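If you read the sequence shown in this note's numbering, its first letter stands for residue 815, the second for the next number, and so on.
Ideal placement from N, C-alpha and C gives every residue a C-beta, glycine not left out.
For clarity, every value in this text was computed on a predicted model and none was experimentally measured.
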Amino acid sequence: MPEYEKAMRPEDITRLFVERSNAGDAAGVAALYEEGAVMAYPPGGRTVGREAIRALWEKVLAGRPRFKREQPLPTLISGDIALTSTPPKDGSGARAQVVRRQPDGSWLRLLDQPEFVPPTR
(Lines of atoms letter the chains of each structure in order from A and count residues from 1; the text may use other names and numbers.)
(Lines give C-alpha, C1' and ligand atoms only; values in the text may rest on other atoms or scores of the structure.)
Protein backbone atom coordinates (compact mmCIF):
# COMPACT_ATOMS: atom_id res chain seq x y z
CA MET A 1 0.00 0.00 0.00
CA PRO A 2 1.38 3.44 -0.87
CA GLU A 3 2.38 5.82 1.91
CA TYR A 4 -0.43 8.33 2.44
CA GLU A 5 -0.50 11.58 4.36
CA LYS A 6 -1.92 10.89 7.81
CA ALA A 7 -4.69 12.86 9.48
CA MET A 8 -2.96 14.38 12.50
CA ARG A 9 -6.18 16.13 13.61
CA PRO A 10 -9.67 14.68 13.35
CA GLU A 11 -10.65 17.53 11.02
CA ASP A 12 -7.90 16.55 8.54
CA ILE A 13 -9.84 13.46 7.49
CA THR A 14 -12.50 15.47 5.65
CA ARG A 15 -9.87 17.36 3.64
CA LEU A 16 -7.99 14.15 2.80
CA PHE A 17 -11.25 12.42 1.85
CA VAL A 18 -12.12 15.18 -0.65
CA GLU A 19 -8.60 15.26 -2.14
CA ARG A 20 -8.41 11.48 -2.56
CA SER A 21 -11.97 11.09 -3.83
CA ASN A 22 -11.49 13.80 -6.44
CA ALA A 23 -8.28 12.05 -7.53
CA GLY A 24 -10.25 8.80 -7.97
CA ASP A 25 -8.12 7.09 -5.30
CA ALA A 26 -10.39 4.50 -3.64
CA ALA A 27 -7.46 2.89 -1.79
CA GLY A 28 -6.50 6.31 -0.45
CA VAL A 29 -10.05 6.91 0.76
CA ALA A 30 -10.13 3.47 2.42
CA ALA A 31 -6.81 4.25 4.15
CA LEU A 32 -8.73 6.88 6.17
CA TYR A 33 -10.66 4.07 7.91
CA GLU A 34 -9.68 1.56 10.59
CA GLU A 35 -9.53 -2.10 9.50
CA GLY A 36 -12.89 -2.89 11.12
CA ALA A 37 -14.63 0.42 10.40
CA VAL A 38 -18.36 0.53 9.73
CA MET A 39 -19.87 2.86 7.15
CA ALA A 40 -23.64 3.43 6.93
CA TYR A 41 -23.67 3.35 3.14
CA PRO A 42 -25.27 2.67 0.73
CA PRO A 43 -28.40 4.29 2.19
CA GLY A 44 -30.20 1.76 4.36
CA GLY A 45 -27.17 -0.56 4.37
CA ARG A 46 -23.79 -1.00 5.99
CA THR A 47 -20.31 -1.54 4.62
CA VAL A 48 -17.97 -3.20 7.11
CA GLY A 49 -14.16 -3.31 6.95
CA ARG A 50 -11.51 -1.33 5.13
CA GLU A 51 -11.41 -3.69 2.14
CA ALA A 52 -15.20 -3.54 1.66
CA ILE A 53 -15.04 0.26 1.98
CA ARG A 54 -12.32 0.37 -0.69
CA ALA A 55 -14.43 -1.79 -3.02
CA LEU A 56 -17.47 0.43 -2.43
CA TRP A 57 -15.47 3.59 -3.20
CA GLU A 58 -14.04 2.03 -6.37
CA LYS A 59 -17.62 1.71 -7.64
CA VAL A 60 -18.64 5.20 -6.49
CA LEU A 61 -15.50 6.88 -7.87
CA ALA A 62 -15.82 5.12 -11.24
CA GLY A 63 -18.49 7.72 -12.04
CA ARG A 64 -15.92 10.49 -11.41
CA PRO A 65 -18.02 12.48 -8.92
CA ARG A 66 -16.58 15.78 -7.71
CA PHE A 67 -16.66 16.52 -3.99
CA LYS A 68 -16.40 19.93 -2.37
CA ARG A 69 -15.02 20.42 1.09
CA GLU A 70 -17.73 21.23 3.61
CA GLN A 71 -17.19 23.49 6.60
CA PRO A 72 -16.92 21.24 9.69
CA LEU A 73 -18.95 21.72 12.82
CA PRO A 74 -16.94 21.87 16.07
CA THR A 75 -15.20 18.56 16.80
CA LEU A 76 -15.97 16.85 20.12
CA ILE A 77 -12.96 15.03 21.59
CA SER A 78 -12.85 12.71 24.59
CA GLY A 79 -9.47 11.07 25.03
CA ASP A 80 -8.70 9.07 21.90
CA ILE A 81 -12.22 9.28 20.43
CA ALA A 82 -13.67 12.22 18.51
CA LEU A 83 -16.94 13.06 16.79
CA THR A 84 -16.66 15.06 13.58
CA SER A 85 -19.56 16.34 11.53
CA THR A 86 -20.41 18.59 8.63
CA PRO A 87 -23.67 20.01 7.33
CA PRO A 88 -23.94 19.23 3.59
CA LYS A 89 -23.82 22.28 1.32
CA ASP A 90 -27.24 21.37 -0.07
CA GLY A 91 -28.79 21.60 3.41
CA SER A 92 -30.04 18.02 3.36
CA GLY A 93 -29.41 16.64 6.84
CA ALA A 94 -25.89 16.12 8.20
CA ARG A 95 -22.82 13.90 8.10
CA ALA A 96 -21.09 12.48 11.19
CA GLN A 97 -18.06 10.33 11.88
CA VAL A 98 -16.50 8.80 14.97
CA VAL A 99 -12.72 8.79 14.66
CA ARG A 100 -10.07 7.24 16.88
CA ARG A 101 -6.52 8.32 17.63
CA GLN A 102 -4.03 5.69 16.52
CA PRO A 103 -0.85 4.72 18.42
CA ASP A 104 1.23 7.01 16.16
CA GLY A 105 -1.00 10.01 17.01
CA SER A 106 -2.87 10.04 13.69
CA TRP A 107 -6.67 9.66 13.41
CA LEU A 108 -8.79 7.17 11.44
CA ARG A 109 -12.53 6.78 10.97
CA LEU A 110 -14.18 4.08 13.03
CA LEU A 111 -17.85 4.85 12.26
CA ASP A 112 -19.09 6.86 9.29
CA GLN A 113 -22.65 8.09 8.80
CA PRO A 114 -22.29 10.01 5.52
CA GLU A 115 -25.98 10.92 5.25
CA PHE A 116 -28.53 11.80 7.88
CA VAL A 117 -31.80 12.74 6.28
CA PRO A 118 -34.31 14.80 8.26
CA PRO A 119 -37.35 12.70 9.18
CA THR A 120 -40.48 13.27 7.15
CA ARG A 121 -43.65 14.04 9.07
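In the three-state DSSP reduction, residue 897 falls in the strand class (E or B).
In this structure, 898 is the residue among 847, 927, 898 with its C-alpha nearest to the C-alpha of residue 887.
In chain order, 853, 855, 867, 870 place their CB closer than 7 Å to the CB of residue 861, counting only its own chain and leaving out the 5 sequence neighbours on each side.
Note on residue 918: under 16 other CB atoms within 10 angstroms of its CB, so exposed under the neighbour-count rule. With a minimum length of 4 residues, the unbroken runs of alpha helix (DSSP H) contained wholly in the stretch 815-875 fall at 826-836, 840-844.
Residue 925 and residue 833 have their C-alpha atoms some 20 Å from each other. DSSP places residue 926 within a strand segment (E or B) once states are collapsed to three. Between residue 858 and residue 909, the alpha-carbon positions lie close to 15 Å from each other.
Annotation for residue 892: the continuous beta strand (DSSP E) segment containing it runs 890-892. By the CB criterion at 8 Å, residue 894 and residue 914 fall inside the cutoff.
Closest option to residue 882, judged by alpha-carbon separation, among 876, 901, 892, 865: 901.
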